[in-house]
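Student: Residue numbers (the numbering used here): 110 to 264. We treat Cβ as the ideally placed atom computed from N, Cα and C, and that holds for glycine. Keep in mind it's a predicted model, so treat the numbers as computed, not measured.
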Amino acid sequence: MEDFKGFLCILAITMTHLHFQPIQGKTVDIMDAILHTGEVASVEHMLDKVYLIVEEVVANIVNYAYPDGIDDYLDVEIERQDEQITFRFRDGGVPFNPLMKDSPDTSLPMAQRPIGGLGIYLIKMNADDLDYKYVNGENIFTVMKNIGRRGDLIT
Numbered sequence: 110m111e112d113f114k115g116f117l118c119i120l121a122i123t124m125t126h127l128h129f130q131p132i133q134g135k136t137v138d139i140m141d142a143i144l145h146t147g148e149v150a151s152v153e154h155m156l157d158k159v160y161l162i163v164e165e166v167v168a169n170i171v172n173y174a175y176p177d178g179i180d181d182y183l184d185v186e187i188e189r190q191d192e193q194i195t196f197r198f199r200d201g202g203v204p205f206n207p208l209m210k211d212s213p214d215t216s217l218p219m220a221q222r223p224i225g226g227l228g229i230y231l232i233k234m235n236a237d238d239l240d241y242k243y244v245n246g247e248n249i250f251t252v253m254k255n256i257g258r259r260g261d262l263i264t
């Protein structure tokens, strides 16, 4: 029998599932709940980027997913693996693929830029991987951010 000399690899995975209903006017409460999960607390060194991403996604869903405000809900799954944090946002609002939204022309002076679109651009610039699906009447937007091992600093 051969001796095995290798590395012991422990993959730490934690996951939290949050459900919000209704969501109209609840952006601050939803943000507060997400930011107080253990998964987000474990990425303190990346909190500014994580906060920006989550705030933009939540604000867009709360403000635009349910134009009639009927049966509004938002489910958020937060998964923390060793070197990444993943957010999966599900809502039953109008179909909207943020990945299809054109990036704003940031070369224009602020006064000449059209209103809107900057939040999605900021999400794209700060996330490491994005995925969108529309399945069974739900928007499913997944945002992944590389965060490094605990203690590492990554931008």
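1) Are the segment 179-189 and the segment 238-245 touching, with three or more C-beta to C-beta distances below 8 angstroms?
2) Based on the DSSP secondary-structure assignment, which residues constitute the bridge partners of Phe196?
3) Taking the Cβ atom as the reference point for each residue, do Ala168 and Val203 lie within a distance shorter than 8 angstroms?
4) Among all the DSSP beta bridges, which residues are the ones paired with Lys242?
5) Classify Asp138 as buried or exposed, calling it buried when 16 or more other Cβ atoms lie within 10 Å of its own Cβ.
6) What span of residues does the alpha helix (DSSP H) with Thr136 cover, start to end?
7) Going by C-alpha distance, which of Tyr230, His128, Ile187 is nearest Thr146?
8) Would you kindly work out how many angstroms separate the C-alpha atoms of Glu153 and Tyr160, rounded to a whole number?
9) If you follow the alpha helix (DSSP H) that Leu208 is part of, which residue opens it and which one closes it?
10) Quick check on this structure: which residue in Arg197, Val171, Gln193, Met234 has the alpha carbon closest to the alpha carbon of Thr136?
11) By the 10 Å Cβ neighbour count, where 16 or more other Cβ atoms means buried, how is Thr123 classified, buried or exposed?
12) Can you give the Cα-Cα distance for Ile232 and Glu165, rounded to whole angstroms?
13) Buried or exposed: Asp177, going by 16 or more other Cβ atoms within 10 Å of its Cβ?
14) For the beta strand (DSSP E) that Met155 lies in, which residues bound it at each end?
15) Which residue from Gly228, Glu247, Ile132, Asp141 puts its Cα closest to that of Arg197?
Tutor: Short version:
1) no
2) Ile187, Val252
3) no
4) Ile249
5) exposed
6) 136-144
7) Ile187
8) 10 angstroms
9) Segment: none, Leu208 is in no alpha helix (DSSP H) and carries neither H nor E.
10) Val171
11) exposed
12) 7 angstroms
13) exposed
14) Run containing Met155: none; DSSP gives neither H nor E here.
15) Glu247
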